[in-house]
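**Student:** Residue numbers (the numbering used here): 4 to 371.
Just so it is clear, CB atoms sit at the ideal spot from N, CA and C, and this is done for glycine as well.
Being a predicted model, the structure only gives us computed values, none of them experimental.
First the structure, then my questions, so here it is.
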């Protein structure tokens, strides 16, 4: 018996590598067919992802991407977009150890470049970045990688999140939102553990990953009022960014770029500034947001009166004007409708300004 075992082992050692690979692939294919016939979606997904990862390891990036897209299309898009689907197409999302809250949210969108108004410079660079990521296999043949780490800076309401959604849409990729409220933990070291869980999940597929309010994670470690835990979080974040092995696109968005640690800036391939729209962009935003209703208005004139307004402000103004027309039983937007919506916006902004002034006064009194 012992002699036979030695012979079998010797023969096994002499089996060509490609035959062993074929045997392993045969087991994987059998697992795929068995899980499909038994309607075991989780097992089917796991086997399919294993096959995709195998192709990616062989540098068959185009095939891996096509297989991944085919796998994602097996679920009705509407169900995925509503975020109510019971995680049968993606691996189960990571959760916090202490609260059990999901660390990320995965969604899909159906947007295109026409759905967002950008400066000409940002539009050109972003479309090039998307093209590079669509042609990863070609760049890889020349030992090149696409730009995939992007930083979006600028005030709120200027299109950072919407742009991330558009990028995910045009690349036909799911968008991962990082839930910062769940990431931060009161337990020492748990925040870094949560970040590691997120990055481990990202490596299981190809995504567009959005870290909104990134300054909360990437605060300057040298700031006088920062404690040791924040320093550990930033150190962990830097290590994870450097070690990640993924074909995903990472987008960090912040309203306070001056608060970011200097070491983080070097990790981004591109930095985009989303400023409040100028006269030309404000006109484009009015045109886009009023496209669903008939009108004969000089939008350039109205745009000139909205200096300082964000894209979100202009969208709200247009929606209020359209709702007013609909509720009046009319079909055409008139000048007075838009005038009233702008007046309401200005009153709203004045109320916010007074509230902020009062809050500043209270802070000054406490400091005194």
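Nearest chain C C-beta to residue 156 closer than 8 Å, yes or no?
**Tutor:** Checking the listed chains, one finds no chain C in this structure; it contains a single protein chain.
**Student:** In angstroms with no decimal places, state the Cα-to-Cα distance between residue 124 and residue 261.
**Tutor:** If you number the chain shown from 1, residue 124 lands on position 121. If you number the chain shown from 1, residue 261 lands on position 258. Straight-line Cα distance between these residues: approximately 22 Å.
**Student:** Taking the beta strand (DSSP E) that residue 300 falls in, what are its first and last residues?
**Tutor:** Within the chain shown, numbered from 1, the residue matching residue 300 stands at position 297. Where residue 300 is concerned, there is no enclosing beta strand (DSSP E), given that its DSSP letter is neither H nor E.
**Student:** Give the DSSP bridge partners of residue 152, in chain order.
**Tutor:** Counted from its first residue, the chain shown places residue 152 at position 149. In the DSSP output, where bridge partners are listed per residue, residue 152 has 253.
**Student:** How would you call residue 184, buried or exposed, if buried means at least 16 neighbouring beta carbons within 10 angstroms?
**Tutor:** Taking the first residue of the chain shown as 1, we reach residue 184 at position 181. By the 10 Å Cβ count, residue 184 comes out exposed.
**Student:** Using a threshold of 8 Å, state whether the C-beta atoms of residue 241 and residue 266 are closer than that.
**Tutor:** Against the chain shown, residue 241 aligns to sequence position 238. Against the chain shown, residue 266 aligns to sequence position 263. A contact, by the Cβ cut-off of 8 Å.
**Student:** For the alpha helix (DSSP H) holding residue 110, just list the boundary residues, first then last.
**Tutor:** By one-based count along the chain shown, residue 110 stands at place 107. Careful: residue 110 lies outside any alpha helix (DSSP H), inside the beta strand (DSSP E) at 107-110.
**Student:** Rounded C-beta distance between residue 279 and residue 156? I'm assuming under 8 Å.
**Tutor:** The residue given as residue 279 occupies position 276 in the chain shown. The residue given as residue 156 occupies position 153 in the chain shown. About 13 Å separates the two Cβ atoms, so there is no contact after all.
**Student:** Is residue 197 closer than 8 Å to residue 121 when the C-beta atoms are compared?
**Tutor:** Position 118 of the chain shown holds residue 121. Position 194 of the chain shown holds residue 197. Taking 8 Å as the Cβ cut-off, residue 121 and residue 197 do not qualify as a contacting pair.
**Student:** Using a Cβ distance threshold of 8 Å, determine whether the stretch 295-309 contacts the stretch 268-277, with at least three qualifying pairs required.
**Tutor:** Touching, no.
**Student:** So the beta strand (DSSP E) residue 273 belongs to, where does it begin and stop?
**Tutor:** Residue numbering aside, residue 273 sits at position 270 when the chain shown is read from its first letter. Looking at the DSSP string, the run of the beta strand (DSSP E) that includes residue 273 is 273-276.
**Student:** Could you give the DSSP three-state label for residue 202: helix, strand or coil?
**Tutor:** Start at 1 with the first residue of the chain shown, and residue 202 comes out as number 199. Three-state DSSP puts residue 202 in a helix.
**Student:** Just checking my contact of residue 344 with residue 315 at CB under 8 Å: how many whole Å lie between their CB atoms?
**Tutor:** Translated into the one-based positions of the chain shown, residue 344 becomes position 341. Translated into the one-based positions of the chain shown, residue 315 becomes position 312. The pair is not a contact, with the Cβ atoms about 14 Å apart (cut-off 8 Å).
**Student:** Could you pull out every unbroken alpha helix (DSSP H) segment of at least 4 residues lying fully inside the stretch 332-369, listed in chain order?
**Tutor:** With a minimum length of 4 residues, no continuous alpha helix (DSSP H) run stays inside the stretch 332-369.
**Student:** Go ahead and label residue 151 buried or exposed: buried means 16 or more other beta carbons lie within 10 angstroms of its beta carbon, across all protein chains shown.
**Tutor:** Translated into positions along the chain shown, residue 151 becomes position 148. Buried, because 16 or more other Cβ atoms sit within 10 Å of the Cβ of residue 151.
**Student:** Is the beta carbon of residue 200 less than 8 Å from the beta carbon of residue 94?
**Tutor:** Along the chain shown, one-based indexing puts residue 200 at 197. Along the chain shown, one-based indexing puts residue 94 at 91. Contact: no.
**Student:** In terms of DSSP beta bridges, what is residue 181 paired with?
**Tutor:** Counted from its first residue, the chain shown places residue 181 at position 178. Its beta-bridge partners are 107.
**Student:** Which class does residue 263 belong to by DSSP, given the choice of helix, strand or coil?
**Tutor:** Translated into the one-based positions of the chain shown, residue 263 becomes position 260. Strand at residue 263.
**Student:** Quick one: what's got a C-beta closer than 8 Å to residue 47's C-beta in the same chain, skipping five residues either side?
**Tutor:** Your numbering for residue 47 matches position 44 in the chain shown. Only 35, 38, 39 meet the Cβ criterion.
**Student:** Should the stretch 162-173 be regarded as contacting the stretch 140-150, the criterion being three or more beta carbon pairs within less than 8 Å?
**Tutor:** They do not touch, by the three-pair rule.
**Student:** Is the stretch 209-217 touching the stretch 181-195 in the sense that three or more CB pairs, one from each, lie closer than 8 Å?
**Tutor:** Enough Cβ pairs lie closer than 8 Å, so yes.
**Student:** Since residue 247 and residue 202 should fall inside the 8 Å C-beta cutoff, what is the C-beta to C-beta distance between them, to a whole number of angstroms?
**Tutor:** Working through the chain shown from its first residue, we reach residue 247 at position 244. Working through the chain shown from its first residue, we reach residue 202 at position 199. About 6 Å separates the two Cβ atoms, so the contact holds.
**Student:** In this structure, does DSSP put residue 68 in helix, strand or coil?
**Tutor:** Stepping through the chain shown from its first residue, residue 68 is reached at position 65. Residue 68 falls in the helix class under three-state DSSP.
**Student:** Using the Cα positions of residue 256 and residue 351, report the straight-line distance between them to the nearest angstrom.
**Tutor:** Residue mapping note: residue 256 aligns to position 253 of the chain shown, counting from 1. Residue mapping note: residue 351 aligns to position 348 of the chain shown, counting from 1. Looking at the two C-alpha atoms, the distance is approximately 26 Å.
**Student:** Per DSSP, what kind of secondary structure is residue 372 in: helix, strand or coil?
**Tutor:** Examination of residue 372 is not possible in this model, given that the chain is present from 4 through 371 alone.
**Student:** Within 10 Å of its beta-carbon, does residue 168 have 16 or more other beta-carbons around it, so buried, or fewer, so exposed?
**Tutor:** On the chain shown, position 165 is the one that residue 168 refers to. So residue 168 counts as buried.
**Student:** Drop a sphere of 10 angstroms on the beta-carbon of residue 89, count the other beta-carbons inside from all chains shown, and report buried for 16 or more, exposed for fewer.
**Tutor:** Taking the chain shown and counting its residues from 1, the one referred to as residue 89 is at position 86. Confidence is the limiting factor: at residue 89 the pLDDT is only 36, short of 50, which leaves the residue's position unreliable, though a coordinate-based value still follows. Exposed, because fewer than 16 other Cβ atoms sit within 10 Å of the Cβ of residue 89.
**Student:** Determine, using beta carbons only, whether residue 309 and residue 285 come nearer to each other than 8 Å.
**Tutor:** Within the chain shown, numbered from 1, the residue matching residue 309 stands at position 306. Within the chain shown, numbered from 1, the residue matching residue 285 stands at position 282. Going by C-beta atoms, residue 309 is nearer than 8 Å to residue 285.
**Student:** If I follow the unbroken beta strand (DSSP E) through residue 247, where does it start and stop?
**Tutor:** Residue 247 sits at position 244 when you count from the first residue of the chain shown. Neither: residue 247 is in no beta strand (DSSP E) and is coded neither H nor E.
**Student:** If you measure between the beta carbons of residue 115 and residue 174, is that distance less than 8 Å?
**Tutor:** Residue mapping note: residue 115 aligns to position 112 of the chain shown, counting from 1. Residue mapping note: residue 174 aligns to position 171 of the chain shown, counting from 1. Cβ atoms of residue 115 and residue 174: not closer than 8 Å.
**Student:** Name the two residues that bound the continuous alpha helix (DSSP H) containing residue 173.
**Tutor:** Taking the chain shown and counting its residues from 1, the one referred to as residue 173 is at position 170. Looking at the DSSP string, the run of the alpha helix (DSSP H) that includes residue 173 is 163-173.
**Student:** Is it the case that the Cβ atoms of residue 171 and residue 236 are separated by a distance below 8 Å?
**Tutor:** Walking along the chain shown from the start, residue 171 turns up at place 168. Walking along the chain shown from the start, residue 236 turns up at place 233. Not a contact, by the Cβ cut-off of 8 Å.
**Student:** Under a Cβ-count criterion, where at least 16 other Cβ atoms within 10 Å of its own Cβ denotes burial, should residue 208 be classed as buried or exposed?
**Tutor:** By 1-based counting over the chain shown, the position of residue 208 is 205. Buried is the call here.
**Student:** On the DSSP letters alone, give me the boundaries of the alpha helix (DSSP H) that residue 213 sits inside.
**Tutor:** The residue labelled residue 213 in the question sits at position 210 within the chain shown. Careful: residue 213 lies outside any alpha helix (DSSP H), inside the beta strand (DSSP E) at 211-214.
**Student:** Which residues does DSSP list as the beta-bridge partners of residue 98?
**Tutor:** In the chain shown, residue 98 corresponds to position 95, counting from 1. BP columns for residue 98 point to 105.
**Student:** What's the gap between the Cα of residue 110 and the Cα of residue 369?
**Tutor:** As a position in the chain shown, residue 110 is number 107, starting the count at 1. As a position in the chain shown, residue 369 is number 366, starting the count at 1. Roughly 44 Å between the two C-alpha positions.
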